[in-house]
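Following: one structure in structure tokens, then a few remarks.
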Amino acid sequence: MARPRVLYVTDLAYEARGRRYCDEDIFVTSRLRDGFDVALCHPLDAAALMDGYDVVVVRNSGPVLHYREAYEVFRERAVAGGARVYNPLGGRGDMAGKGYLVELTGEGYPVIPTVDRAADLGLLPEAEEYVVKPRAGADSIGLRVVPAGELAGVEYGNVLVQPRVDFRYEVSFYYIDDTFQYALYAPDPRRRWALEPYEATDADLEFARRFIDWNTLDHGIQRVDACRTREGELLLVELEDLNPYLSLDLFAGRDGFVANMAESLHRFLADSAPGRT
Numbered sequence: 000m001a002r003p004r005v006l007y008v009t010d011l012a013y014e015a016r017g018r019r020y021c022d023e024d025i026f027v028t029s030r031l032r033d034g035f036d037v038a039l040c041h042p043l044d045a046a047a048l049m050d051g052y053d054v055v056v057v058r059n060s061g062p063v064l065h066y067r068e069a070y071e072v073f074r075e076r077a078v079a080g081g082a083r084v085y086n087p088l089g090g091r092g093d094m095a096g097k098g099y100l101v102e103l104t105g106e107g108y109p110v111i112p113t114v115d116r117a118a119d120l121g122l123l124p125e126a127e128e129y130v131v132k133p134r135a136g137a138d139s140i141g142l143r144v145v146p147a148g149e150l151a152g153v154e155y156g157n158v159l160v161q162p163r164v165d166f167r168y169e170v171s172f173y174y175i176d177d178t179f180q181y182a183l184y185a186p187d188p189r190r191r192w193a194l195e196p197y198e199a200t201d202a203d204l205e206f207a208r209r210f211i212d213w214n215t216l217d218h219g220i221q222r223v224d225a226c227r228t229r230e231g232e233l234l235l236v237e238l239e240d241l242n243p244y245l246s247l248d249l250f251a252g253r254d255g256f257v258a259n260m261a262e263s264l265h266r267f268l269a270d271s272a273p274g275r276t
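Counted from 1, the sequence shown has number 264 at position 265 by numbering that gives the first Met the number 0; the numbering is strictly sequential.
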């Protein structure tokens with residue numbers, strides 16, 4: 000039987016702070032080859048190449064803001080041509096920009112309070128400093144910290160504003176489809192990518208699962224990033240559903256993770272086969 004053909008989208012040369020994208024994707028593709036025919040390509044080439052494959056897997060392709068026009072062409076062609084993209088393109092988290100943080104704030108979810116209009120600043124808790132971040136940001140690109148007295152000078156339209164939270168640590172929960180896989184945390188708030196294994200409690204997983212359920216992606220890999228406040232509360236930092244880095248080199252069960260990813264890909268191909276509803 001013919002093996003499914005995977006176009007695996009990654010930027011092996013992208014230099015991320017504290018992470019080596021290339022090592023992770025070399026490892027993942029080396030394992031996926033057990034059940035798939037796999038070809039790697041740069042994100043700028045994905046639109047031109049995807050028609051020859053059964054599924055396009057978008058992984059460590061770097062921040063889309065560096066190639067926004069090419070990414071929009073890729074999305075348009077994928078939707079128009081019925082290409083199967085993993086993660087599916089209907090994600091409501093970072094895949095669609097960070098505006099969901101405003102939506103979740105309005106719906107009362109445990110998220111760092113976020114507004115996108117000067118008229119809504121009164122909805123935020125008072126703080127000495129505020130974080131101003133681009134709506135389409137990634138990797139902290141364009142993020143700046145503004146003293147409370149300078150908030151009046153912020154130009155809205157493409158930015159979000161949040162109070163600067165004094166947190167104990169950041170923690171990430173990693174999911175395939177709707178199943179929890181593992182968690183890692185950064186015990187030093189000043190070193191975001193100095194991660195260690197984290198034993199998630201039932202309460203932690205209940206917190207993370209709320210955002211997985213909210214996103215309604217039936218297939219794919221998601222990372223729920225949160226911070227633990229000084230009072231002990233978890234607050235969502237972001238819901239990464241486009242190309243979340245997995246830090247697999249720090250997870251002892253990484254072979255099992257890729258095996259679960261392969262099973263998810265097979266399910267996705269079966270569920271999205273022509274004629275299925």
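Cβ atoms here follow ideal geometry from the backbone N, Cα and C, with glycine treated the same way.
- Per DSSP, the continuous beta strand (DSSP E) segment holding residue 36 begins and ends at 36-40.
- A buried status is given to residue 211, since no fewer than 16 other beta-carbon atoms sit within 10 Å of its beta-carbon.
- Excluding residues up to 5 positions away in sequence, 2, 3, 4 and 5 lie with their Cβ nearer than 8 Å to the Cβ of residue 36 in the same chain.
- Taking 8 Å as the upper bound for CB-CB distance, residue 195 and residue 93 are not in contact here, some 24 Å apart.
- Closest by C-alpha distance to residue 49, out of 85, 68, 14 and 24, is 85.
- Exclusion of the five residues before and after residue 66 leaves 42 and 43 as the residues of its chain whose Cβ lies within less than 8 Å of its Cβ.
- Put simply, the stretch 213-232 touches the stretch 168-177. At least three CB pairs are less than 8 Å apart.
- Judged by beta-carbon spacing, residue 186 lies within the 8 Å limit of residue 168, meaning their Cβ atoms are closer than that value.
- Fully contained in the stretch 89-131 are the following alpha helix (DSSP H) runs of length 4 or more, in chain order: 99-105.
- The Cβ-Cβ distance between residue 159 and residue 171 does not fall below 8 Å.
- Taking every protein chain shown into account, the CB of residue 152 has fewer than 16 other CB atoms within 10 angstroms, so this residue is exposed.
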